[in-house]
Amino acid sequence: MSEVVKKPAVFLDRDGTINEQMGYINHLSRFVLLPDSAAAIRLLNERHIPVFVVTNQSGLARGYFPPALLDDVHAKMIELLAAEGAKLDGIYVCPHHPEAKEERYRVNCDCRKPKTGLFKQAAREHNIDLGSSFVVGDRWSDLKAAAACGATGILVLSGYGRGDLDYIGPTQSIQPTHVAENLLDAAAWIISTLSRK
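The sequence shown begins at 93 in our numbering and counts up by one.
Printed below as a string of structure tokens:
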């Protein structure tokens, strides 16, 4: 039996990358898609590149909102993307924090970015080659996760990205392979990069 070939994927941070950075999304009304996010994801969909969201949601651990709200936010995200012809292949969430208010979330997990647990889970479940994949986010924790996975890290200048580039980046040993104005710019760069391989 021939071995199934693993494929590259795109892993997206959520807040500040797909939707407006609002701090904690503690109400459904605070979830607002960034312009061109759906177009970016649709572009990747059209080229059959799997797209996953990997997001730290410590607001759960801190007791700022209940699990049901997170479910509602993700249902809204899926609905808004679908309205523009875009879809996600999976959503992976870390609800943990070492100083969590709720004991069930107060664990030193392997899934909170920049740790790689959620990326490895997605890779196992969807036959993804992390080494040829891309991680897109607006924080240095996303870039560190990319490096730890052997993936290509892309910093978007939406959300915290511009500030992180100016004030966090210069002190970091890990640097983005590409800096994108927004998710659509990142998607175009990914497609161009993969077409050259």
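Here a beta-carbon is modelled for each residue, glycine too, at the ideal position from N, C-alpha and C.
- Taking C-beta separations shorter than 7 angstroms and ignoring five residues to either side along the sequence, the partners of A239 in its chain run G245, I266, following chain order.
- C-alpha of H166 to C-alpha of H189: approximately 20 angstroms in a straight line.
- For V146, DSSP records a beta bridge to Y184.
- The count of Cβ pairs closer than 8 angstroms, one atom from the stretch 222-233 and one from the stretch 180-200, stays below three, leaving the stretches out of contact.
- The straight-line gap separating the alpha-carbon atoms of D258 and S250 is approximately 13 angstroms.
- The residue among A175, K168, A160 with its C-alpha nearest the C-alpha of S121 is K168.
- Just so you know, the alpha carbons of A132 and W281 end up roughly 11 angstroms apart.
- The beta strand (DSSP E) runs of length 3 or more contained entirely in the stretch 228-279 are, from start to end of the chain, 244-248, 270-272.
- Burial of P100 is indicated by the presence of at least 16 other C-beta atoms within 10 angstroms of its C-beta.
- Residue burial is scored here from C-beta neighbours: K207 has at least 16 other C-beta atoms within 10 angstroms and is therefore classed as buried.
- In the structure shown, the three-state DSSP call for D221 is coil.
- The Cβ atoms of D105 and T147 lie closer than 9 angstroms to each other.
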